[in-house]
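Enquirer: Below are the structure tokens for one structure; questions will follow.
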Amino acid sequence: MGITNKKWILKSRPKGLVEQSNFELIEENLPDIEEDQVLIQTEYLSVDPTQRMWLTDVPGYLPPIQIDEVIRSGGMGRIIQSKNEKFKEGDLVNGFVGWQTHQISDGKGYRIVPELLPIPTMLNVLGLTGVTAYFGLLDIGQPKEGETVLVSGAAGATGSVVAQIAKIKGCNVIGIAGGDEKCEWLNNCGLDHVIDYKNSNARKELQKIATSGIDIYFDNVGGPLLEAVLFQINLNARIVICGSISNYASEEMPVGPRNLSALIIQRARMEGFLVLDYLDRMDEAIQELSKWLMEGKIQHREDIQEGIENCPETLNRLFTGQNLGKQILKI
Ligand SMILES: NC(=O)c1ccc[n+]([C@@H]2O[C@H](COP(=O)([O-])OP(=O)(O)OC[C@H]3O[C@@H](n4cnc5c(N)ncnc54)[C@H](OP(=O)(O)O)[C@@H]3O)[C@@H](O)[C@H]2O)c1
């Protein structure tokens, strides 16, 4: 009996949060695999804010997903049949599995992953968001002991790892996140201060807390918060532009920070970066992150939803802030 693949394809481009009607869940019967091919069964999807950008028709660092194409998504899958000498049945593989239950592939773009930890942890701290945190903070931010590091989206997958690496490096760390539960978790992770931006005025709180200024701002959200932070940066500050989630689902062109002159006054550097440029250095990051995990220096949370039918709703959780830690969907 052939295998049936269930897959989500794009039917229309969303405005704001995604809706079921922007997609269609279809079933297809897969043929038998041929020489050099493998059959992969998706086990877990990594649900990432950048997927919302791929749903627009604006060219980015990867091409937009086209109408009728399967939704691109990173994740982990299992090789369940193989006629490719590089893979054997049972191998766990990481790559762009997509919003689908199965696929036939030539294996290109897939990496076999040793199963040393639970898969959700590997997708989180040891996955692309952990690696993003590692290189974004250490390569672009270049923290020094005693400096003040501010992180937005601090209870998220990337932000929570950034904040804890900054603590490991001996920095004074302030996290910004939305809601009591997230802030409490961040306090338990050892951050020096936490600001609940949904229940306070973040700019005023920053003025009270960051009395000696901000040396590094690791920005995951963009928007008005970036402007508020620029008022408080120190001489030679580094602003690491990692993400801008406040703009991804917006139809409006965002209003830029009006106070960029702060960069001149403080001889500060603002720099964007992309984790995909660091793929050849992944092992370095994973080794160090694994060590910190084993030593208990990095706490982590995974928010695991379930079921292929829940792909669209799970993507929205990132934009409504429902996720605590890394958003994952178990297939
Ligand atoms: N440059 C790169 O290579 C790279 C790689 C990976 C990720 N990223 C970026 O890193 C950022 C975090 O990604 P992630 O995967 O770790 O997601 P995440 O932080 O785990 O989840 C997204 C979080 O963003 C916050 N958020 C949503 N809308 C917001 C808004 N309008 N204003 C302020 N905060 C908002 C929510 O937290 P609250 O409840 O606290 O608001 C939500 O939980 C994203 O911008 C992503 O695009 C960049």
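Residue numbers (the numbering used here): 24 to 354. Even for Gly, the Cβ is constructed at its ideal location relative to N, Cα and C. These numbers were taken from a predicted model, which means no experiment stands behind them.
Sorted by chain position, which residues of the same chain lie with C-beta nearer than 8 angstroms to R134's C-beta, five sequence neighbours on each side aside?
Expert: V116, N117, G118
Enquirer: Determine the direct distance from the alpha carbon of I287 to that of G295, and round the result to whole angstroms.
Expert: 18 angstroms
Enquirer: Report the three-state DSSP secondary structure of S11 (helix, strand or coil).
Expert: Because the chain spans 24 through 354 in this model, residue 11 falls outside it and cannot be assessed.
Enquirer: Does the segment 35-50 touch the segment 96-106, meaning 3 or more C-beta pairs lie closer than 8 angstroms?
Expert: No: the two stretches stay apart, fewer than three of their Cβ pairs being nearer than 8 angstroms.
Enquirer: Please determine whether the Cβ atom of G246 lies at a distance below 8 angstroms from any heavy atom of ligand 1.
Expert: yes
Enquirer: Taking 8 angstroms as the cut-off, is the CB of I218 close to at least one heavy atom of ligand 1?
Expert: no
Enquirer: Starting from L62 and walking both ways along the beta strand (DSSP E), at which residues does that stretch end?
Expert: 61-69
Enquirer: Since L78 is in the beta strand (DSSP E), which residue starts that stretch and which ends it?
Expert: From DSSP, L78 is part of no beta strand (DSSP E); its letter is neither H nor E.
Enquirer: Near L214, what residues of its chain come up, given a Cβ to Cβ distance below 6 angstroms and the 5 sequence neighbours on each side ignored?
Expert: A186, V196, G198
Enquirer: Taking only three categories from DSSP, how would you classify A47?
Expert: Strictly speaking, residue 47 in this sequence is Glu, with Ala absent from that position. If DSSP states are grouped into helix, strand and coil, E47 belongs with the strands.
Enquirer: Taking all protein chains shown into account, decide if G153 is buried (16 or more other Cβ within 10 angstroms of its Cβ) or exposed.
Expert: buried
Enquirer: If you draw a straight line from the C-alpha of K353 to the C-alpha of P72, how long is it?
Expert: 17 angstroms
Enquirer: State buried or exposed for G227, treating a residue as buried only when at least 16 other CB atoms are found within 10 Å of its CB.
Expert: Per the sequence shown, the amino acid found at residue 227 is Lys instead of Gly. With fewer than 16 other Cβ atoms within 10 Å, it is exposed.
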